[in-house]
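Protein chains: 2
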Amino acid sequence: MHIAITGAAGFLGQRLVRQLVKRGELDGRAIRRLTLIDQVEPPAPDAGAIEIVSRALDITTPGGLDSVLAERPDVIHHLAAVVSSAAEADLDLGMKVNFDATRSLLEGCRRHGLAETRLVMASSVAAYGGELPEVLDDMTAVQPQNSYGTQKAMCELLINDYSRRGLVDGRVLRLPTIVIRPGRPNAAASSFASSILREPLSGEEAICPVPLDQELFVLSPSRVIEALILAAEVPGEALGAFRALMLPGITVSVAEMLDTLREVAGDEAVARVRHEPDERIRSLVASWPARFDTARADRLGFRRDADFGEIVDAYLAERS
Amino acid sequence: MHIAITGAAGFLGQRLVRQLVKRGELDGRAIRRLTLIDQVEPPAPDAGAIEIVSRALDITTPGGLDSVLAERPDVIHHLAAVVSSAAEADLDLGMKVNFDATRSLLEGCRRHGLAETRLVMASSVAAYGGELPEVLDDMTAVQPQNSYGTQKAMCELLINDYSRRGLVDGRVLRLPTIVIRPGRPNAAASSFASSILREPLSGEEAICPVPLDQELFVLSPSRVIEALILAAEVPGEALGAFRALMLPGITVSVAEMLDTLREVAGDEAVARVRHEPDERIRSLVASWPARFDTARADRLGFRRDADFGEIVDAYLAERS
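Here the protein sequences line up with chains A and B, keeping their order. According to my numbering, the first sequence is numbered sequentially starting from 1491. According to my numbering, the second sequence is numbered sequentially starting from 1491.
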């Protein structure tokens, strides 16, 4: 089993690599090789019997992945992407990295006859937008209100069509908001969702720009990694008529997140969260759907966190 | 008012040109110029005071429309496309004509600063597919099961994003099955829908490959042309959060179509329809949605035919 990972130097990429090394197998077959691809050579963990090859490759050059595709990987985890704020700030960059590079990857699979290769792409809840129903399901229209979501939705359609035509065996996961991300606050509108837990748990202050009753649809990093692996294991036909699906998550309000923080770290931790309403962030976050019926993904075995307490506990266990 | 039309030599293009010449105005402004674009110079009708320029241009060459865009048309009707059977037979051709050419057109509008230009693209009911609900509405997911529908759905997303970013003022109409098309039977799976009326009305035989209870969602050619004109007249904001919408149509079964034929032309006309079940066509046509709640389009003033009798009467009036 040879698995290639684009965006392997990123947060999810590095976690996926570590988890694959720890498991040593995928879909019942021993992992022999991992090819880690990013703009710079991705760090490679000590992997015992698994051969790890780190490559600095430009996925935006047509054919840029040919040397990897020629080795006929069994699975490709395509995680490389320009994040939503960057795609919004620079349409050309977003189209080039998020859309054109995915199309080139699909064409590469076609050219190399990789009909059996399981291509797993990460899409996002940001693909949804517009006048949405109270609860979304697998048949809710994708009407993105940002360029990142647009580019991801176009990739979903293309991966579905290439899969339907038997040119590759694609699967796309729409990821919920991932919490708790490690690191520092950043420019992403969703940054606060990790920050209001992570910083107080480290004795630092955090800013909450949205009202307490704002709901979010969230999933922990370890569940996302589990999902990326399961997505490469389920039979393509099991996905039904469309190769993209929304991952299960849990719906939590900011108030519930802070209640959990209180249970875990007391009133003094909650007091470290300053409430500074930010209308731009509030309206953006309010436009994200927070309630989903993910029946199809549930049936396929994708799992949500039990509750927000489990997400915080897992974060603390990893940090220690 | 300067209107440019791609695919102007086609069935819809030629009808649109004639109707625009007949009206002489669009959105309350006199039409001064029509630029007709196709692979070969489109035929131009006698147009009185309206200047008609016919151009043979290759829209698949990036910048191929620059000479037209430099004249800053107020409206572009983008009808050029490779039909569904051709797009299914040749993925590269479909991507090039249906998707890349549309993207080039959007980029051309961006480069020429045509933020106010109203770009109207024809999409299709073929964008829908998969496990659909009984009645579709504006929030039903687009999960195409053919490359034509995939390419059109990708264009919808891109036009929506370019419009949201203020780079062009786009609108996309998903067309129902158009009946009664003039001409002869062709390779399209929907060909029978026109043929089982058109041929018997001319005293010829026709073949019906689907069961009598098969339903279709149909619209007459003249209503489609009305819709293409109205789409250029409605304010972009009126379309709401997504720039593509399904046009109203009427749901008719093959039995109802033949009942109408009987009323108009008698039993001997109906007897000219031979029933020769074709499993390939049957299963394809059965996958097309036939029932829509088009509330948004209805509110915007798009109109369906009153009933199937009106469609047949209009065809006979035009033919005579």
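Cβ coordinates follow ideal geometry from the N, Cα and C atoms, glycine included.
Residue i vs residue j beta-carbon contact at 9 Å
| i | j | result |
| --- | --- | --- |
| Leu1706 (chain A) | Thr1750 (chain A) | no |
| Pro1533 (chain A) | Val1511 (chain A) | no |
| Ile1670 (chain A) | Leu1506 (chain A) | no |
| Gly1756 (chain A) | Arg1794 (chain A) | no |
| Ala1612 (chain B) | Asn1636 (chain B) | no |
| Leu1609 (chain B) | Leu1665 (chain B) | no |
| Ser1575 (chain A) | Ala1678 (chain A) | yes |
| Ala1721 (chain A) | Leu1663 (chain A) | yes |
| Val1565 (chain A) | Gly1584 (chain A) | no |
| Leu1569 (chain A) | Gly1503 (chain A) | yes |
| Asn1650 (chain B) | Arg1733 (chain B) | yes |
Bounding residues of the alpha helix (DSSP H) (the contiguous stretch that carries residue i)
| i | result |
| --- | --- |
| Gly1503 (chain A) | Phe1501 to Arg1513 |
| Ala1577 (chain A) | Ser1574 to Ala1579 |
| Glu1758 (chain B) | Asp1757 to Val1760 |
| Ser1594 (chain A) | Ala1591 to Arg1601 |
| Asp1651 (chain B) | Ser1637 to Arg1654 |
| Asp1556 (chain B) | Asp1556 to Leu1559 |
Which of helix, strand or coil DSSP assigns to residue i
| i | result |
| --- | --- |
| Met1585 (chain B) | helix |
| Leu1707 (chain A) | Sequence inspection shows Phe at residue 1707 (chain A); the Leu mentioned does not correspond to that position. Here Phe1707 (chain A) sits in strand by DSSP. |
| Met1629 (chain B) | coil |
| Ser1684 (chain B) | helix |
| Thr1496 (chain A) | strand |
| Ala1804 (chain B) | helix |
| Ile1719 (chain A) | helix |
| Ala1605 (chain A) | coil |
| Ala1787 (chain B) | helix |
| Ser1773 (chain A) | helix |
| Thr1750 (chain A) | helix |
| Val1700 (chain A) | coil |
| Val1724 (chain A) | coil |
| Leu1516 (chain B) | strand |
Residue i, enclosing beta strand (DSSP E) - first and last residue
| i | result |
| --- | --- |
| Arg1764 (chain A) | Val1763 to His1765 |
| Leu1663 (chain A) | Asp1659 to Leu1665 |
| Arg1545 (chain A) | Glu1541 to Ala1546 |
| Met1736 (chain B) | Ala1734 to Met1736 |
| Leu1526 (chain B) | Arg1523 to Asp1528 |
| Thr1741 (chain A) | Ile1740 to Ser1743 |
| Val1565 (chain B) | Val1565 to His1568 |
Whole-angstrom distance between residue j and residue i, CA atom to CA atom
| i | j | result |
| --- | --- | --- |
| Tyr1652 (chain B) | Leu1581 (chain A) | 9 Å |
| Gly1726 (chain B) | Arg1661 (chain A) | 35 Å |
| Gln1633 (chain A) | Glu1621 (chain A) | 9 Å |
| Val1587 (chain A) | Arg1600 (chain B) | 20 Å |
| Ala1537 (chain A) | Leu1774 (chain A) | 41 Å |
| Ile1495 (chain B) | Gln1529 (chain B) | 12 Å |
| Glu1758 (chain A) | Ala1696 (chain A) | 13 Å |
| Val1708 (chain A) | Glu1746 (chain A) | 12 Å |
| Cys1698 (chain B) | His1567 (chain B) | 34 Å |
| Val1658 (chain A) | Leu1648 (chain A) | 11 Å |
| Ser1710 (chain B) | Ser1594 (chain A) | 40 Å |
| Ile1527 (chain A) | His1765 (chain A) | 40 Å |
| Glu1531 (chain A) | His1602 (chain A) | 24 Å |
| Val1760 (chain A) | Ser1692 (chain A) | 12 Å |
| Arg1562 (chain A) | Leu1524 (chain A) | 12 Å |
| Met1491 (chain B) | Ile1521 (chain B) | 5 Å |
| Glu1694 (chain A) | Gly1799 (chain A) | 20 Å |
Neighbour list for residue i in chain A, Cβ cutoff strictly below 8 Å
| i | result |
| --- | --- |
| Ala1612 (chain B) | The premise fails here: Ala1612 (chain B) is roughly 18 Å from chain A at the closest Cβ pair, so nothing lies under 8 Å. |
| Met1644 (chain B) | Met1644, Leu1647 and Leu1648 |
Interface partners of residue i on chain B, CB under 8 Å
| i | result |
| --- | --- |
| Pro1738 (chain A) | Per Cβ cutoff of 8 Å: no residues; Pro1738 (chain A) is ~18 Å from chain B at best. |
| Ser1684 (chain A) | Ordered by position in chain B, no residue passes the 8 Å Cβ test against Ser1684 (chain A), which lies about 28 Å from the chain. |
| Pro1634 (chain A) | Leu1647, Asn1650 and Asp1651 |
| Thr1640 (chain A) | Leu1647, Leu1648, Asn1650 and Asp1651 |
Chain B residues whose Cβ lies nearer than 7 Å to that of residue i
| i | result |
| --- | --- |
| Phe1782 (chain A) | Near Phe1782 (chain A) there are no residues of chain B at all, since even the closest Cβ is about 13 Å away, more than 7 Å. |
| Arg1664 (chain A) | Near Arg1664 (chain A) there are no residues of chain B at all, since even the closest Cβ is about 12 Å away, more than 7 Å. |
| Pro1725 (chain A) | Under the 7 Å cutoff, chain B gives no residues; its nearest Cβ is about 17 Å from Pro1725 (chain A). |
Chain-ordered neighbours of residue i on chain A, where CB pairs are closer than 7 Å
| i | result |
| --- | --- |
| Glu1621 (chain B) | Gly1730 and Ala1731 |
| Thr1592 (chain B) | Within 7 Å Cβ-Cβ: nothing; Thr1592 (chain B) doesn't reach chain A, min ~12 Å. |
Residue i: CB within 8 Å of a non-hydrogen atom of the ligand GDP
| i | result |
| --- | --- |
| Ile1686 (chain B) | Summarising the ligand content, the structure contains no ligands, and the ligand GDP is consequently not present. |
Cross-chain neighbours of residue i in chain B, by beta carbon under 9 Å
| i | result |
| --- | --- |
| Val1625 (chain A) | Per Cβ cutoff of 9 Å: no residues; Val1625 (chain A) is ~12 Å from chain B at best. |
| Thr1630 (chain A) | Met1629, Thr1630 and Ala1631 |
| Ser1637 (chain A) | Asp1651, Arg1654 and Arg1655 |
| Asn1581 (chain A) | Sequence check: residue 1581 (chain A) is Leu here, not Asn. Neighbours of Leu1581 (chain A) on chain B, chain order: Arg1600, Asp1651, Tyr1652, Arg1655 and Leu1657. |
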